[in-house]
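Each residue of the sequence shown is one higher than the last, beginning at 380 in the working numbering. For glycine and all other residues, C-beta sits at the position ideal for the given N, C-alpha and C. Owing to the predicted nature of the structure, the values given are computational and were not obtained by experimental measurement. What follows is a set of notes on a single structure, which appears directly below.
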Amino acid sequence: MEGAAQNPGSMGGESLKSRHNGAAVNGEVFMALIKTSNPALGRDTFRNLGGGYGAIDVTTRMTLSGTVNKTAILLLCALATAAWTWHSFFVTHDPASVAAPMMLGFIGGFILALVTIFKKEWSPVTAPLYALLEGMALGGVSAMFEVRYPGIALNAVGLSFGTLLAMLFLYQARIIKVTRRFMFGVVAATGGIMLFYVAEWILGFFGIRFATLNGAGPIGIGFSLFIVGIAALNLVLDFAFIEQGVNYGAPKYMEWYGAFGIMVTLVWLYLEMLRLLAKLNSRR
């Protein structure tokens, strides 16, 4: 089965199959799929898709270039609706004018994210809709931050895209290597952050606040820097997972699903960038 490890869709060099303990079982290729903390890119994402090293015609397989193109499309969708919500807010300067679009964006985006995760074959439709809804929500949030801290939204966008490109370069150059220890560390840290957010939300109903962590002091800023760093490292796991899907010969529609996974991480990264910059600006 050594020949099965070579796939024309690979980035080049040794395939992730062999690097992550792929093995032949009962004449079929088994992949020890990369574990990622992104809910859109889980351990079973590429299982039972009808792919697997040549099972799908090369023209109907997931490719890296195709995934990059689909990611660009989703980003444009998000930017378009974000610009609309942004404009709506600054026309009226009334938060109520964008409250409904923001609510629709966050709730609708969450529902569509769940649908996309459980119905991957629908991702060519649901992923763009998710990006459009999240753009509406992010545009409203960004506008409200912008009123208090002029220039913060543009800085957050620039830092988020810069982080995306930096992580892609570090991954492609193999400066950051996706080892098992690295994966477990990032996943554990991300899980801890999510548990903290859930606990903070629940305790908030009882008037309990974590002022030090949410404040603009050194501890609060350090905490935000830590979260931004973990979000950025999640991008590396997403890149590795998508590359493994390409090597596995996943169906073409998985390009949309892979792009959706990147979008989920980027939305989180952007929101954390806004929080970090807000803390830094409040110290001036």
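request  = Taking only the alpha-carbon atoms, compute the straight-line gap between residue 471 and residue 635 and give it to the nearest angstrom.
outcome  = Here the question's residue 471 lines up with position 92 in the sequence shown. Here the question's residue 635 lines up with position 256 in the sequence shown. Our two residues, residue 471 and residue 635, have alpha carbons roughly 36 Å apart in a direct line.
query = Rounded C-beta distance between residue 612 and residue 565? I'm assuming under 8 Å.
reply = Taking the sequence shown and counting its residues from 1, one reaches residue 612 at position 233. Taking the sequence shown and counting its residues from 1, one reaches residue 565 at position 186. The Cβ separation is near 5 Å, so the contact holds.
ask   = With residue 516 and residue 481 assumed to form a contact (beta carbons below 8 Å), what rounded beta-carbon distance in angstroms separates them?
value = Here residue 516 refers to the residue found at position 137 of the sequence shown. Here residue 481 refers to the residue found at position 102 of the sequence shown. With a Cβ gap of about 5 Å, residue 516 and residue 481 count as contacting.
request  = Out of 618, 605 and 642, state which residue places its alpha-carbon closest to the alpha-carbon of residue 507.
outcome  = Counting from one through the sequence shown, the residue named residue 507 turns up at place 128. By alpha-carbon distance to residue 507, the top candidate from 618, 605 and 642 is 642.
task = Since I believe residue 547 is in contact with residue 485 (beta carbons under 8 Å), could you give me their beta-carbon distance rounded to a whole number of angstroms?
result = Locating residue 485 in the sequence shown gives position 106, where the first residue counts as 1. Locating residue 547 in the sequence shown gives position 168, where the first residue counts as 1. Between residue 485 and residue 547, the beta carbon gap of about 27 Å keeps them out of contact (Cβ cut-off 8 Å).
query = residue 442 and residue 625: beta carbons closer than 8 Å?
reply = For the purposes of this step, residue 442 is identified with residue 63 of the sequence shown, where counting begins at 1. For the purposes of this step, residue 625 is identified with residue 246 of the sequence shown, where counting begins at 1. Cβ distance < 8 Å, so residue 442 and residue 625 count as in contact.
message = Considering only their Cβ atoms, is the gap separating residue 653 from residue 524 smaller than 8 Å?
response = Position 145 of the sequence shown holds residue 524. Position 274 of the sequence shown holds residue 653. Result yes, Cβ atoms of residue 524 and residue 653 sit closer than 8 Å.
query = DSSP state of residue 440, grouped into three classes?
reply = Counted from its first residue, the sequence shown places residue 440 at position 61. Residue state, collapsed to three classes: strand.
key: Delimiting residues of the alpha helix (DSSP H) encompassing residue 658   = Locating residue 658 in the sequence shown gives position 279, counting from the first residue. Boundaries of the alpha helix (DSSP H) around residue 658: 633-661.
ask   = Is there contact here, the segment 524-538 with the segment 549-560, by at least three beta-carbon pairs under 8 Å?
value = The segment 524-538 makes no contact with the segment 549-560: fewer than 3 CB pairs, one atom from each, lie closer than 8 Å.
request  = Give the C-beta separation of residue 340 and residue 457 to the nearest angstrom, bearing in mind that I take them to be a contact with Cβ-Cβ under 8 Å.
outcome  = Outside the shown range of the chain (380 to 663) lies residue 340, about which nothing can therefore be said.
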